[in-house]
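Student: Residue numbering for the sequence shown follows our numbering, starting at 8 and increasing by one per position. Virtual Cβ for every residue (Gly too), placed ideally from N, Cα, C.
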Amino acid sequence: WSRCVLLGVSCGANIADFVTRKAVEDAKQFEPVKVVAQVLMYPFFIGSVPTHSEIRLANSYFYDKSTCLLAWRLLLSEKEFSLDHPAANPLAPGRGGPPLKCMPPTLTIVAEHDCMRDRAIAYSEELRKVNVDAPVLDYKDTVHEFATLDVFLKTPQAQACAEDIAIWMKKYISLRGHEFSY
């Protein structure tokens, strides 16, 4: 239990990242568990300033802008509702929490036709700027949840994604490096 990799899918990726930040911020509270890495699969990140993908894919498959807003309104109380809430936007100004350079390695999975992709990519870019191992795997011809919805599980992209995640996680659990398949 001492070496933990957190993985979250969609809004679960937000939870994984939020818990990871708490674990980094207060490691004593989490002992003996140490979060050594995290995998964010198409995180449900949003923010007050729209990104290119949020504009271009505003009426996207599965999740459009109004659905995303509704989800955040249902989660957050009226008093704390903000598209820049730390759980919604990990790059929000004044987000609090630990400095990004203290975050563990973070693998981010994004789908080509996902309106939330740009913010996930931006988060990974910011992590890399402070020398965190934070690759982004961008799967072509895919939509949000392409590797976790039953209807897509047999696609080459979903199968490659599952293999790539396993390879990357093994790297941090076993401390031996491996190459991606995709």
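At which residues does the beta strand (DSSP E) containing T115 begin and terminate?
Tutor: The count along the sequence shown starts at 1 and reaches residue 115 at position 108. Start and end: 113-118.
Student: Roughly how many whole angstroms lie between the Cα atoms of P111 and C18?
Tutor: The residue labelled residue 111 in the question sits at position 104 within the sequence shown. The residue labelled residue 18 in the question sits at position 11 within the sequence shown. C-alpha separation (whole angstroms): 19 Å.
Student: Rounded to whole angstroms, what is the Cα-Cα separation between D3 and T155?
Tutor: With the chain covering 8 to 189 only, the question about residue 3 has no answer from this structure.
Student: Do you know offhand how far E132's Cα is from P142's?
Tutor: By one-based count along the sequence shown, residue 132 stands at place 125. By one-based count along the sequence shown, residue 142 stands at place 135. When rounded, the distance between both Cα atoms is 8 Å.
Student: Helix, strand or coil for V26 per DSSP?
Tutor: The residue given as residue 26 occupies position 19 in the sequence shown. Helix, per DSSP.
Student: To the nearest angstrom, how far is the alpha carbon of N21 from that of Y130?
Tutor: To locate residue 21, count along the sequence shown from 1; it is residue 14. To locate residue 130, count along the sequence shown from 1; it is residue 123. Approximately 12 Å between the Cα atoms of the pair.
Student: Quick check on K161: does DSSP put it in helix, strand or coil?
Tutor: As a working mapping, residue 161 is identified with position 154 in the sequence shown. Here K161 sits in coil by DSSP.
Student: Rounded to whole angstroms, what's the CA-CA distance from T149 to F52? Just pull it up for me.
Tutor: By 1-based counting over the sequence shown, the position of residue 149 is 142. By 1-based counting over the sequence shown, the position of residue 52 is 45. Near 18 Å, if we compare the C-alpha coordinates of F52 and T149.
Student: Beta carbon of Y70, beta carbon of A127: below 8 Å?
Tutor: Mapped onto the sequence shown, residue 70 falls at position 63. Mapped onto the sequence shown, residue 127 falls at position 120. No, Cβ-Cβ distance for Y70 and A127 is not below 8 Å.
Student: Could you give the C-beta distance for L81 and H92, rounded to a whole number, given that I count them as a contact under 8 Å?
Tutor: As a first step, residue 81 must be located in the sequence shown, where it is residue number 74. As a first step, residue 92 must be located in the sequence shown, where it is residue number 85. Between H92 and L81 the Cβ distance is about 13 Å, and since that is not below 8 Å, they are no contact.
Student: Among H151, F159, K178, whose alpha-carbon lies nearest the alpha-carbon of A65?
Tutor: Here residue 65 is taken as the residue at index 58 of the sequence shown, counted from 1. Per the Cα distances, H151.
Student: For the beta strand (DSSP E) that C11 lies in, which residues bound it at each end?
Tutor: Working through the sequence shown from its first residue, we reach residue 11 at position 4. 10-16 is the extent of the beta strand (DSSP E) around C11.
Student: Need the endpoints of the alpha helix (DSSP H) that D121 sits in, please.
Tutor: Locating residue 121 in the sequence shown gives position 114, counting from the first residue. From DSSP, D121 is part of no alpha helix (DSSP H); its letter is neither H nor E.
Student: Fully enclosed by the stretch 37-116, which alpha helix (DSSP H) runs are 4 residues long or longer?
Tutor: If we require 4 residues or more, the alpha helix (DSSP H) runs fully inside the stretch 37-116 come out as 59-63, 72-82.
Student: CB-CB under 8 Å to C139, same chain, minus the five flanking residues each way: which ones, in chain order?
Tutor: Numbered from its first residue, the sequence shown carries residue 139 at position 132. The question names Cys, but residue 139 is Val in the sequence shown. If we look at V139 and ignore the five residues flanking it on each side, its Cβ neighbours are L107, K108, M110, P111, P112, T113.
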